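Residue numbers (my numbering): -19 to 292.
Each residue gets a CB set at the ideal place from its N, CA and C atoms; glycine is no exception.
Nothing here was measured: the structure is a model prediction, and the numbers come from that model.
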């Protein structure tokens, strides 16, 4: 009776209108949501196209300078998937960020110094990672060649031996051998791919391996014995290289300390007596002295590094 009373007190036309209004609101909400998703997808695709277009244009511009090729090789050595244009974009942003920080803290001439120091520091980090990766490849090379010779003696083909060594070797040798195998599946010859590895890793020792493989393809012979002899030679060279690095460690450490001492002293004085250091940023003479000091520091650091670095 209560339900009948409630139903009887409600106008059927009013109830039907309310239901239609509710359905209309739900339909409008669903259409708006779908439209918003389509617009977001369109904006995202537009941003992706814009980003790819800008990146390709920057890559083409960098290719004309010839600096992008060496940067691409370095990024491949460290295993980075970014393009040279993207890396240079990050470097520029790092310089701008450092310039803004120095501008807020010190002001005056220091933002220009940040624009220079930021990219230089980023390039130094990249070069350091490249050197470490190449040094690790040189250290792994004797064991890799010994394992390759053992798998060849076991009756495997050269492709199977490279695949087995690639699975067993640690990075960066694992990634380099994987690139060689991938290029071979795409139809490229082993000699060309291995020669690219020698160029990428800047390895004279691995170039001997490429020469041995090339001679084996042309003439034939026992490649396993040749690789064993090359591995023994490389192991002896690594032993001498380690002795040279041990004898030159004092010079390299002295260069590092002398390079870090001036910035460290300036940073300590900035923390303990900021007004004393701030005098250099209030006049053109101070700005000139800062620029001269930074230039001399960079030249001296490069000179000391070259004096303690041996290549043979």
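Spatial neighbours of residue i within its chain, please: CB distance less than 8 Å, with the 5 preceding and 5 following residues excluded, ordered by chain position.
| i | result |
| --- | --- |
| residue 236 | none |
| residue 196 | 203, 206 |
| residue 287 | 231, 235 |
So which of the options has the shortest CA-CA distance to residue i?
| i | options | result |
| --- | --- | --- |
| residue 143 | 152, 135, 160, 134 | 160 |
| residue 188 | 247, 267, 175, 91 | 175 |
| residue 183 | 233, 111, 231, 261 | 111 |
| residue 116 | 64, 229, 156, 66 | 156 |
| residue 215 | 137, 268, 119, 246 | 119 |
| residue 163 | 152, 151, 177, 150 | 177 |
| residue 103 | 136, 72, 172 | 72 |
| residue 220 | 290, 258, 70 | 290 |
Keeping to the same chain, check which residues put their C-beta closer than 7 Å to that of residue i; ignore five residues upstream and five downstream.
| i | result |
| --- | --- |
| residue 56 | 180 |
| residue 274 | 93 |
| residue 186 | 121, 177, 178 |
| residue 54 | 106, 110 |
| residue 260 | 266, 269, 270 |
Does any residue of chain B have a CB that is nearer than 8 Å to the CB of residue i?
| i | result |
| --- | --- |
| residue 70 | No chain B is part of this structure, which consists of one protein chain only. |
Using DSSP with H/G/I as helix, E/B as strand and the rest coil, what is residue i?
| i | result |
| --- | --- |
| residue 283 | helix |
| residue 94 | helix |
| residue 166 | coil |
| residue 263 | coil |
| residue 63 | coil |
| residue 134 | coil |
| residue 49 | helix |
| residue 151 | coil |
| residue 181 | coil |
| residue 290 | coil |
| residue 107 | helix |
| residue 139 | helix |
| residue 57 | helix |
What residue range does the alpha helix (DSSP H) around residue i cover?
| i | result |
| --- | --- |
| residue 222 | 203 to 227 |
| residue 257 | 254 to 258 |
message: Under 8 Å: do the stretch 206 to 214 and the stretch 120 to 130 share three or more Cβ pairs, one atom per stretch?
response: Short answer: they touch.
message: With three or more beta-carbon pairs closer than 8 Å as the criterion, would you say the stretch 96 to 115 touches the stretch 63 to 77?
response: Yes, the stretch 96 to 115 is in contact with the stretch 63 to 77.
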